[in-house]
Amino acid sequence: MKIATWNVNSAKVRLPHLLEWLKRDAPKIVLLQEIKCVDEAFPAIEIGDLGYNVVTHGQKTYNGVAILSRYPLDDVRRGVPGNEDDPQARYIEAVASLPPNISKTGAVRVASVYVPNGSTADDPDKFPYKLRFLERFTVHMKTLLSYDEMLAVGGDYNIAPADKDVFSPKAWEGSVLTHDEVRRAFRRLQNLGLLDAFRLVHPELEIFSWWDYRAGAFDRNEGLRIDHVLLSPQAADKLTAAFIETSLRAKERASDHTPVIVELAV
DNA sequence: ATGCCTAACAGGGTTAGA
2 MKIATWNVNS AKVRLPHLLE WLKRDAPKIV LLQEIKCVDE AFPAIEIGDL
52 GYNVVTHGQK TYNGVAILSR YPLDDVRRGV PGNEDDPQAR YIEAVASLPP
102 NISKTGAVRV ASVYVPNGST ADDPDKFPYK LRFLERFTVH MKTLLSYDEM
152 LAVGGDYNIA PADKDVFSPK AWEGSVLTHD EVRRAFRRLQ NLGLLDAFRL
202 VHPELEIFSW WDYRAGAFDR NEGLRIDHVL LSPQAADKLT AAFIETSLRA
252 KERASDHTPV IVELAV
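Take the position in the first sequence, starting the count at 1, then add 1; the result is the number in our numbering.
This is the structure in structure tokens:
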């Protein structure tokens with residue numbers, strides 16, 4: 002079963018790419034970020050026609066997350082608990098029920114997260130907001146891990162966990178994507194028991210999930226690995242493959258992010 | 001090299017992204 006995460010940078014603009022990719026690759030579950038639209042404007046009909054159930058947590062203009070699933074979705078949660086004072090739509094969670102002919106394990110809980118960028122480390126509002134979001138998100142992850150179930154949390158974490166996730170560590174030193182404090186926040190998640198699926202399969206591979214729109218960054222392969230699928234131990238036990246679908250970044254009118262995909266033998 | 005593209009909203013220039 003393939004589970005993918007993708008920051009589409011506008012569901013409306015990326016719809017042709019999304020539909021084509023869903024038809025070709027047929028991931029069972031897709032976790033989307035930056036849909037940049039309200040729930041009513043999300044192209045749920047077109048996606049539903051391909052056999053996907055759709056739940057969204059949208060917002061006008063900015064942010065917005067969604068879950069697409071070939072399996073039924075229940076127990077939908079919008080927003081991180083304890084973060085209700087935050088008007089930005091950055092988190093959605095649901096339980097996908099796997100049919101008995103597919104799995105004996107029953108269900109997998111999935112979540113799509115869009116961690117704030119943080120602007121610059123000296124920004125008086127945005128960087129503290131990023132750290133505060135990560136703190137509250139981490140508390141909730143601890144709760145979900147206590148359920149001892151299959152859990153996959155995919156998203157744009159806006160964190161390059163290590164220097165090998167950065168094309169030029171020197172150029173990115175001190176940025177909000179590589180900052181010690183956010184890397185520490187990422188390690189905290191891992192120390193709770195959430196495992197970086199891509200790194201489990203490819204411990205040393207240098208491959209990126211985002212490339213700047215400017216200055217031909219994609220053609221030069223000047224990117225970062227900031228999109229991740231984190232797995233509970235129960236899910237990581239089923240992990241058979243992980244890869245980054247670079248082809249979608251090469252298209253005309255591409256998102257600046259490309260899908261990260263994991264395969265679980267459930 | 002801190003605005004090199006892109007998107008939304010709006011109907012031009014600003015905000016935001018990473």
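Just so you know, even glycine gets a beta-carbon here, dropped at the ideal spot from N, CA and C.
Residues near V39 by beta carbon distance below 6 angstroms, same chain, minus five either side: Excluding the 5 residues flanking it on each side, V39 has same chain C-beta neighbours closer than 6 angstroms at G59 and K61, in chain order.
Sub-9 angstroms separation of A122 and S233 beta-carbons: Between A122 and S233, the gap from beta carbon to beta carbon reaches 9 angstroms or more.
Taking only three categories from DSSP, how would you classify Y53? Y53 carries a coil assignment under DSSP once its states are collapsed to helix, strand and coil.
What do you get for S256, buried or exposed, if any count of 16 or more other CB atoms within 10 angstroms of its CB means buried? Flag for S256 reads buried.
Between which two residues does the beta strand (DSSP E) harbouring Y115 extend? It spans A108 to Y115 - the beta strand (DSSP E) in which Y115 sits, taken as one unbroken run.
Cβ-based burial, R15 [other Cβ within 10 Å; buried from 16]: Of the residues assessed, R15 falls on the buried side of the cut-off, its CB having 16 or more other CB atoms within 10 angstroms.
Through-space distance from L190 to L240, alpha-carbon basis: Their Cα atoms are separated by approximately 18 angstroms.
Which whole-angstrom value describes the C-beta separation of L74 and A97, a residue pair presumed to lie in contact below a C-beta threshold of 8 angstroms? Confirmed, about 6 angstroms.
Rounded separation between T106 and V267 - CA only: If you draw a straight line from the Cα of T106 to the Cα of V267, it comes to about 7 angstroms.
Going by the C-beta, is L249 closer than 8 angstroms to any heavy atom of the ligand NAP? Summarising the ligand content, the structure contains no ligands, and the ligand NAP is consequently not present.
Using DSSP with H/G/I as helix, E/B as strand and the rest coil, what is D76? Three-state DSSP puts D76 in a strand.
Within the continuous beta strand (DSSP E) that includes V14, where are the two ends? Looking at the DSSP string, V14 is not in any beta strand (DSSP E); the run it does join, the alpha helix (DSSP H), is A12 to D26.
Can you list, in chain order, the residues of its chain whose CB lies under 8 angstroms from that of Y158, leaving out five sequence neighbours each side? Result list for Y158: V114, V116, F187, I227, D228 and H229, in chain order.
By how many angstroms is the C-alpha of K252 removed from the C-alpha of D213? The alpha-carbon separation between D213 and K252 amounts to approximately 14 angstroms.
Collapsed DSSP secondary structure at L190 in the structure displayed: Residue state for L190 is assigned as helix, using DSSP reduced to three classes.
Which of the three DSSP states is assigned to Q60 in this structure? In the three-state reduction of the DSSP assignment, Q60 falls in the coil class, being assigned neither a helical nor a strand state.
Are there 16 or more other CB atoms within 10 angstroms of the CB of T144, so buried, or fewer, so exposed? T144 sits exposed, since fewer than 16 C-beta atoms from the chains shown fall within 10 Å of its C-beta.
Between the beta-carbon of G119 and the beta-carbon of L178, is there less than 9 angstroms? Yes, these two residues count as a Cβ contact at 9 angstroms.
Using only CA atoms, which one of A237, A242 and V261 lies nearest to S248? Nearest to S248 by alpha-carbon distance, out of A237, A242 and V261, is V261.
Can you list, in chain order, the residues of its chain with a C-beta nearer than 8 angstroms to that of V183? Leave out the 5 residues immediately preceding and following it. Answer for V183: G119, K131, L132, L135, N159, I160 and V177, listed in chain order.
Sort G175, M151 and W211 by Cα distance to G194 and report the nearest one. For the options G175, M151 and W211, the alpha carbon positioned closest to that of G194 is the one of M151.
Can you find the residues in the same chain that come closer than 7 angstroms, C-beta to C-beta, to A90, ignoring five residues on each side of it along the sequence? For A90, where only same-chain residues beyond five positions count, the Cβ hits under 7 angstroms are H58, G59, Q60, N64, G65 and V66.
With C-beta atoms as the reference, is I48 less than 9 angstroms away from L20? A contact, by the Cβ cut-off of 9 angstroms.
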